[in-house]
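Following our numbering, the numbering of the sequence shown begins with 1 at its first residue and continues without gaps.
From the three backbone atoms N, C-alpha and C, an ideal C-beta is built for every residue, glycine too.
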Amino acid sequence: MRKESCEFFFDFDLFFSFFSFFLSNVPKLHNINIKTAPSPPPPLPIPQFKIVSKPTKPIEGQKTGTSGLRKKTKVFSGENYLANWVQSLFRSLGSAKTQGATLGLGGDGRYYNREAAQIILKSAAAAGFARVVVGKG
């Protein structure tokens, strides 16, 4: 048996010049209209918040039960009632557990739910939570 040697020569420069010519002319050869993706919108500015301290005092009868804070809407929506309660919960956790943490927030959609969510979101930001996952629907 006789073995023949075969040399293979590959010209990379020629290949890449042909390849780039081919890619640049494919749309023209096939009448293809290639659309580029729109550029992404500019990043949103980081909002600047003003820190506001509100003086408050303990509220009589405000304590957590086995099902959370169960009060009539009139009491619950009273001045600083929910804010005091939420702040006391966050303080009981301590800053080591709130700084950079994620908080889940949901509600049942009843009266005062949106206002309560806003109070809790603001309190969570003040307590150092990095993210709040808000349920929807």
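Tell me the rounded alpha-carbon separation between residue i and residue j.
i: Phe129; j: Ala37; result: 36 angstroms
i: Arg70; j: Gly107; result: 13 angstroms
Can you list, in chain order, the residues of its chain with a C-beta nearer than 8 angstroms to that of residue i? Leave out the 5 residues immediately preceding and following it.
i: Glu115; result: Ser77
i: Val133; result: Thr102, Leu103, Gly104 and Leu105
i: Thr73; result: Tyr111 and Tyr112
i: Trp85; result: Gln62, Thr64 and Leu69
Quick one: what does DSSP say residue i is sitting in, helix, strand or coil?
i: Leu44; result: coil
i: Val215; result: Examination of residue 215 is not possible in this model, given that the chain is present from 1 through 137 alone.
i: Val75; result: helix
i: Arg91; result: helix
i: Leu69; result: coil
i: Thr56; result: coil
i: Pro110; result: Checking the displayed sequence, the identity of residue 110 turns out to be Arg instead of Pro. Residue state, collapsed to three classes: coil.
Taking 7 angstroms as the limit between beta carbons, can you name the residues of its chain near residue i, skipping five residues before and five after?
i: Ala101; result: Phe129 and Ala130
i: Leu82; result: Phe76, Ala116 and Ile119
Sorted by chain position, which residues of the same chain lie with C-beta nearer than 6 angstroms to residue i's C-beta, five sequence neighbours on each side aside?
i: Asn80; result: Thr56
i: Ala127; result: Phe90 and Thr98
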